[in-house]
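**Q**
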Amino acid sequence: MRKWYDSAVLAIAAVKRDCSVAAVIAGLIAVTVSYAGPLLIVFQAAKAVQLSDAQLSSWIWAISFGSGLTGLILSMRFRAPVIIAWSTPGAVLLVSGWAAYTFSDSIGAFVLSAVIITALGFSGLFSGIMKRVPQSIIAAMLAGILLKFGVEVFVSLKQLPILASPMILSYLLAKRLYPRYAVAVTLFVGLIAAYNLHALSFEHVSVGLVQPVFTLPTFSLEALLGLGIPLCIVTMVSQNATGIGVLRVDGFNTPANPLITATGIASLLTAPFGSHGINLAAITAAICTGKEAHPDFDKRYIAGIVCGLFYMLVSIFGATIVSVFSALPNELVAVISGVALFGSLSASLSAAMKDEQQRESGLITFLVTISGITLAGIGAPFWGLVAGIITDGILNGRIGGLLKRLVTVKP
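Numbering (the numbering used here), first residue to last: 67 to 477.
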């Protein structure tokens, strides 16, 4: 016990010594960017299935507190700015496919996704499996899921041009001058425009603390295959793999397996409270891993700690966040959600069409995913993935080899 106490004292002393204004600001900006864009997609998903305010508040608490605590622990443990967030592609997936399943079955799908992610991280199988599934197919599935959000930006331009136009223009200008803060700038401009148009309604905004709602998960084959498996795939590929890449680019050789395992466990523990998935951050991570966070490489971990603390603080006021965001006009939400995903959409489309041999399988995956078809109660993203793998196997004559490699995968 004494040993644990001494270690804690030393860790706190190190944090105090290494703390800097730049790192604190970087952590705060990372949290602000997360709530400025990705959180709005959570609201769209909640509207799609008509969640109650209590369920939505619990969901926000679960993803915020889970992300914050996990990031705080990992940043202190590895002395690296490990930024954890909720799965943005996962939330996008929910918008398009959640309505087909009951809420408790969806929670069961979240649990399955978390268990698989934990197993992949603990066993080290993640990198092995990803090498065996063509990246163009996975990228095409993600692009199909994201497409709707990009389209909605310009649908909003038609519905309320006086609000959408300045937001799109400000996004483009900020992307040119201050790319990291483009989403935050767009949201700020949108709020000003909405205020001037009297489109904001804060009459029902209230300040209140969150009351987490526990939902006992139930399991149906349709939800597990149609929601759980695609959720796991998009989270691992578009978030965890990218998050590891961001750390590596800035020189942090933090071992991947413990990070993936920790996010899987966090997702599992928070799933019954509504969390669809907690993972390594990518875009916001870049704010904290670079020189902007601190010139001294060894002191940037403070940004990860600060980010975690802010997430945990904000999570307490989940009910307040719900009431504030409910006051925003639909067009503002659509535009900010769409521009926040422009980068992911363009990167996914590019990756899907990059390899000439796999271009057609990527195209079929993309088309099946955006079709919205549901077969045997299972949604389009899963069938898009299946169609792409079958197409790739037939066109490239390796379907038997692919199946063999998948069942014999080694860490």
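The beta carbon of each residue, even a glycine, is placed where N, CA and C say it ideally should be.
Please read these numbers as outputs of a predicted model, since none were measured by experiment.
Got a sec, what are the start and stop residues for the alpha helix (DSSP H) residue 140 sits in?
**A** Where residue 140 is concerned, the enclosing alpha helix (DSSP H) stretches over 119-144.
**Q** Can you tell me the Cα-Cα spacing of residue 427 and residue 454, whole angstroms?
**A** Their backbone Cα atoms lie some 5 angstroms apart in a straight line.
**Q** Taking the CB atoms as reference points, tell me whether residue 150 and residue 96 lie closer together than 8 angstroms.
**A** The answer is no: Cβ separation not under 8 angstroms.
**Q** Does the stretch 368-384 come close enough to the stretch 97-113 that 3 or more CB-CB pairs lie under 8 angstroms?
**A** Touching, per the Cβ criterion.
**Q** Which residue comes first and which comes last in the alpha helix (DSSP H) that contains residue 112?
**A** Looking at the DSSP string, the run of the alpha helix (DSSP H) that includes residue 112 is 104-115.
**Q** How would you write the range of the beta strand (DSSP E) that residue 223 sits in, first residue to last?
**A** Careful: residue 223 lies outside any beta strand (DSSP E), inside the alpha helix (DSSP H) at 201-225.
**Q** Would you mind stating whether residue 175 and residue 297 have Cβ atoms separated by less than 8 angstroms?
**A** Taking 8 angstroms as the Cβ cut-off, residue 175 and residue 297 qualify as a contacting pair.
**Q** According to DSSP, residue 79 sits in a beta bridge with which residue or residues?
**A** DSSP output for residue 79 lists no bridge partner at all.
**Q** Taking residue 455 as part of the alpha helix (DSSP H), name the residues at either end of that continuous run.
**A** Run containing residue 455: 446-462, per the alpha helix (DSSP H) assignment.
**Q** My parser needs the beta strand (DSSP E) runs of 3 or more residues fully inside the stretch 276-354; what are they?
**A** Listed in chain order, the complete beta strand (DSSP E) runs (minimum 3 residues) inside the stretch 276-354 are 344-346.
**Q** On a CA-only basis, which of 324, 295, 351, 300 is nearest residue 311? Give me that one, please.
**A** Per the Cα distances, 351.
**Q** So what's residue 436 in DSSP terms, helix, strand or just coil?
**A** It is helical.
**Q** Can you name the start and end residues of the beta strand (DSSP E) that residue 150 belongs to?
**A** Here the beta strand (DSSP E) through residue 150 covers 150-152.
**Q** Which of the three DSSP states, helix, strand or coil, is assigned to residue 441?
**A** Strand at residue 441.
**Q** Quick one: residues in its chain with C-beta nearer than 7 angstroms to the C-beta of residue 365, no 5 flanking neighbours on either side, listed in chain order?
**A** Counting only Cβ-Cβ distances below 7 angstroms, and skipping sequence neighbours, we find 84, 86, 89.
**Q** Identify which residue in 109, 408, 374 has its Cα closest to the Cα of residue 93.
**A** Nearest option by C-alpha distance: 374.
**Q** Count the other CB atoms within 10 Å of the CB of residue 168; is the residue buried (16 or more) or exposed (fewer)?
**A** Label assigned to residue 168: exposed.
**Q** Measure the C-alpha to C-alpha separation of residue 265 and residue 163 and round it to an integer number of angstroms.
**A** Looking at the two C-alpha atoms, the distance is approximately 29 angstroms.
**Q** Using DSSP with H/G/I as helix, E/B as strand and the rest coil, what is residue 259?
**A** Here residue 259 sits in helix by DSSP.
**Q** Given residue 133, which residues of its chain have a CB within under 7 angstroms of its CB, disregarding the five upstream and five downstream residues?
**A** So the qualifying residues of the chain are 150, 151, 152, 344, 377.
**Q** Which two residues bound the contiguous alpha helix (DSSP H) that contains residue 402?
**A** Counting along the chain, the alpha helix (DSSP H) containing residue 402 begins and ends at 396-406.
**Q** With a threshold of 16 other CB atoms inside 10 Å of the CB of residue 277, please say whether the residue is buried or exposed.
**A** Exposed is the call here.
**Q** Roughly how many angstroms lie between the CA atoms of residue 329 and residue 214, to the nearest whole one?
**A** Cα to Cα, the separation comes out at about 28 angstroms.
**Q** Let me know the secondary structure DSSP gives residue 168 once reduced to three states.
**A** Residue 168: coil per DSSP, three-state reduction.
**Q** Count the CB pairs spanning the stretch 203-222 and the stretch 389-404 that are closer than 8 angstroms, and state whether there are at least three.
**A** Yes, since at least three Cβ pairs between the stretch 203-222 and the stretch 389-404 fall closer than 8 angstroms, the two stretches touch.
**Q** DSSP on residue 183, reduced to helix/strand/coil?
**A** The answer is helix: DSSP assigns residue 183 an H, G or I state.
**Q** Is it true that the CB of residue 170 sits closer than 8 angstroms to the CB of residue 284?
**A** Against a cut-off of 8 angstroms, the Cβ pair of residue 170 and residue 284 comes out as a contact.
**Q** Using only the alpha-carbon positions, how far apart do residue 112 and residue 320 sit?
**A** One C-alpha to the other measures close to 35 angstroms.
**Q** DSSP state of residue 363, grouped into three classes?
**A** Reduced to three states, the DSSP call for residue 363 is helix.
**Q** Classify residue 244 as buried or exposed, calling it buried when 16 or more other Cβ atoms lie within 10 Å of its own Cβ.
**A** Exposed, by the Cβ-count rule.
**Q** Pull up the CB-CB distance for residue 161 and residue 405, whole angstroms please, since I reckon it's below 8 angstroms.
**A** Actually they are not in contact, since the Cβ atoms of residue 161 and residue 405 sit about 16 angstroms apart, beyond 8 angstroms.
**Q** So, using beta-carbon positions, are residue 451 and residue 209 closer together than 8 angstroms?
**A** Not closer than 8 angstroms, so no.
**Q** Quick check on DSSP: helix, strand or coil for residue 381?
**A** In the structure shown, residue 381 sits in a helix (DSSP, three-state: H, G or I).
**Q** Quick check on residue 231: does DSSP put it in helix, strand or coil?
**A** Reduced to three states, the DSSP call for residue 231 is helix.
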